[in-house]
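Chemist: First residue of the sequence shown? That's 0 in numbering that gives the first Met the number 0, and the numbers climb one at a time after it. Note that CB positions come from ideal geometry on N, CA and C, so glycine has one too.
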Amino acid sequence: MESALSGDLAGLNYALGAFQQRALWQDALHLLHAMHSRIVERDAKSFGVVLSSCERAEKWQTALLVLDELQTHRVESNLIIRNTALSAWAKGHQWQQALAFLRDMPMCPDVFSYNAAISACEKGSQWLQAMALLEELETRQLRGTVVTYGAAISACEKVEDWERALLLLCTLSQRRLQSSIIAHSAGVSACEKKGQWLHALQLLVEAEEQNLLPDVVAYSAGISAREKGGVWEQAMALLQQLLQLGIQGNVVPYNAAISACEKCSEWQDALALLLQLGAASHEPDVVSCSSTISACARAGRWRNAIHIFEQFQEQEVRANTIAFNSSITSVEKGAQWQSGLFWLMKARRCAKTCTVVTCSAVVSACEKGAVWQRAGRFLLQMKAFQVEANALSFNAAIVACAEGQKSFSGTG
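In structure tokens:
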């Protein structure tokens with residue numbers, strides 16, 4: 000650092016640039032401050048390089064402190080510095096400050112200024128502001144880039160506006176701009192969230208046709224889209240395609256595929272995916288657990304459901320209400336009323352919300368297990384679980400009592 004300070008301003012700026020290229024933002028910051036302490040006049044380039052170093056390192060708060068220092072010392076900023084500051088606001092999800100900064104710019108903003116401001120609004124889930132900025136950019140006759148439209152599409156994805164997302168993707172094509180996987184993934188996700196699975200799958204096909212290698216985000220959204228479309232086999236095929244391409248994945252695409260199997264009661268495939276998830280060194284989470292338990296419950300595989308639940312309890316995966324309810328519902332099919340009561344009490348101890356369907360399943364389990372007195376008693380105790388009995392609960396209890404009456408009459 001001492002040797003660097005022995006040079007003139009041009010040499011010092013060169014040293015700052017070297018730190019920037021090597022991603023040494025802290026060294027660049029120290030040198031900038033050392034220049035001030037040694038009464039070396041710093042210019043816009045000095046501040047701009049350090050500001051950019053901090054922004055690239057995701058140190059947006061530090062970057063904005065550098066900007067404050069620049070303004071305090073009345074160093075005249077340029078458009079590049081202003082755009083870097085806007086990008087820092089965006090990375091910090093500070094959309095209001097970014098908009099205010101854009102409006103206060105002493106020079107005309109360029110497309111990079113708008114890109115940063117739109118990105119800030121996207122990260123802040125301010126899609127209306129993002130669309131207004133895009134319209135303003137076009138009014139100024141500035142040519143948007145794939146970054147511009149990608150940020151706008153992502154803003155639409157956050158509010159599930161799939162139609163506008165598709166329209167923006169079409170605009171990209173009309174303006175002969177090469178799309179990006181980020182823009183396409185956002186479009187796929189927007190369609191998936193609103194159940195437009197055919198559109199989501201079409202976007203995946205388009206991405207491949209444009210030689211855009213889909214990432215784990217796009218594949219996860221595509222698998223989830225197929226899950227919503229009730230085509231579990233296609234969801235499984237897409238997951239296998241992701242694995243064959245060697246794309247670095249996570250638990251999300253597995254969960255989407257397991258959920259697809261769960262909706263179609265394909266418990267064996269759900270269970271196989273759960274095991275595959277562990278073999279792939281991904282820790283199954285509460286979604287993986289709940290969906291697999293629910294798949295087993297739907298298929299009447301109560302032993303498998305309870306086994307999975309107990310296994311994940313041992314692994315300290317915190318079960319959610321869905322997992323408890325699915326486990327309790329599964330034992331009803333096997334007339335395992337003791338297990339139903341056990342898991343219901345455990346759910347209560349874990350402060351999980353029991354639904355009327357869950358409690359009715361316990362009543363039904365008592366009926367199927369020929370313990371009609373317990374069915375009636377539990378019906379009266381449902382209020383303790385903050386659940387109001389409904390027609391389903393009463394019907395299960397009535398059937399239990401009727402069966403009990405038949406049994407009593409037969410013995411008499």
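For the alpha helix (DSSP H) that contains Q95, what are its first and last residues?
Modeler: As a first step, residue 95 is located in the sequence shown; it is residue number 96 there, counting from the start. It spans W94 to R102 - the alpha helix (DSSP H) in which Q95 sits, taken as one unbroken run.
Chemist: Measure the Cβ-Cβ separation of L150 and A129 and say whether it is below 9 Å.
Modeler: In the sequence shown, residue 150 corresponds to position 151, counting from 1. In the sequence shown, residue 129 corresponds to position 130, counting from 1. The sequence as given places Ala at residue 150; Leu does not occur at that position. Result yes, Cβ atoms of A150 and A129 sit closer than 9 Å.
Chemist: So, at 6 Å on beta carbons, what are the nonlocal neighbours of N12 in its own chain, with the 5 sequence-adjacent residues on each side left out?
Modeler: Position 13 of the sequence shown, counting from 1, holds the residue named residue 12. Within the same chain, N12 has close Cβ partners K44 and S45.
Chemist: Taking all protein chains shown into account, do 16 or more other C-beta atoms lie within 10 angstroms of the C-beta of T138, making it buried, or fewer, making it exposed?
Modeler: For this step, residue 138 is matched to residue 139 along the sequence shown. Classification for T138: exposed.
Chemist: Can you grab the Cα-Cα spacing for the pair L203 / L66, in whole Å?
Modeler: Position 204 of the sequence shown, counted from the first residue, corresponds to residue 203. Position 67 of the sequence shown, counted from the first residue, corresponds to residue 66. Approximately 42 Å between the Cα atoms of the pair.
Chemist: Measuring straight from C-alpha to C-alpha, what distance separates R21 and A199?
Modeler: Walking along the sequence shown from the start, residue 21 turns up at place 22. Walking along the sequence shown from the start, residue 199 turns up at place 200. Straight-line Cα distance between these residues: approximately 40 Å.
Chemist: Kindly list the residues whose CB is nearer than 7 Å to the CB of A116, restricted to its own chain and excluding five residues on each side of it in sequence; keep chain order.
Modeler: In the sequence shown, the residue the question calls residue 116 occupies position 117. Closer than 7 Å at Cβ, skipping near neighbours: L85, A97, L98, L101 and L132.
Chemist: How do the region 212–229 and the region 264–276 stand: do at least 3 beta-carbon pairs fall below 8 Å, yes or no?
Modeler: Short answer: they don't touch.
Chemist: For the alpha helix (DSSP H) that H35 lies in, which residues bound it at each end?
Modeler: Position 36 of the sequence shown, counting from 1, holds the residue named residue 35. Here the alpha helix (DSSP H) through H35 covers W24 to S36.
Chemist: What does the alpha-carbon distance come out to for the pair K262 and L127?
Modeler: Walking along the sequence shown from the start, residue 262 turns up at place 263. Walking along the sequence shown from the start, residue 127 turns up at place 128. Taking the straight line joining both Cα atoms gives about 35 Å.
Chemist: In whole angstroms, what separates the C-alpha of D7 from that of L211?
Modeler: Numbered from 1 along the sequence shown, position 8 holds the residue referred to as residue 7. Numbered from 1 along the sequence shown, position 212 holds the residue referred to as residue 211. If I take the Cα positions, the gap works out to 47 Å.
Chemist: Identify whether Q247 lies in helix, strand or coil by the three-state DSSP scheme.
Modeler: The residue labelled residue 247 in the question sits at position 248 within the sequence shown. Residue state, collapsed to three classes: coil.
Chemist: Check for me: the alpha helix (DSSP H) holding T138 runs from which residue to which?
Modeler: In the sequence shown, counting from the first residue as 1, residue 138 sits at position 139. Note, T138: alpha helix (DSSP H), W126 to T138.
Chemist: Between S179 and the rest of its own chain, which residues show a CB-CB distance below 6 Å, the 5 nearest in sequence each way excluded?
Modeler: Translated into the one-based positions of the sequence shown, residue 179 becomes position 180. The answer, listed in chain order, is V145 and G149.
Chemist: Going straight from the alpha carbon of E159 to that of K192, what length do you get?
Modeler: Residue mapping note: residue 159 aligns to position 160 of the sequence shown, counting from 1. Residue mapping note: residue 192 aligns to position 193 of the sequence shown, counting from 1. Computed Cα separation, rounded: 6 Å.
Chemist: In chain order, what residues of the same chain have a beta carbon less than 6 Å from the beta carbon of W59, not counting five sequence neighbours either side?
Modeler: Position 60 of the sequence shown, counting from 1, holds the residue named residue 59. Closer than 6 Å at Cβ, skipping near neighbours: A87, K90 and G91.
Chemist: Which stretch, first to last residue, makes up the alpha helix (DSSP H) that contains D268?
Modeler: Here residue 268 corresponds to residue number 269 of the sequence shown, with the count starting at 1. Taken as a continuous stretch (DSSP letters only), the alpha helix (DSSP H) holding D268 covers W266 to A278.
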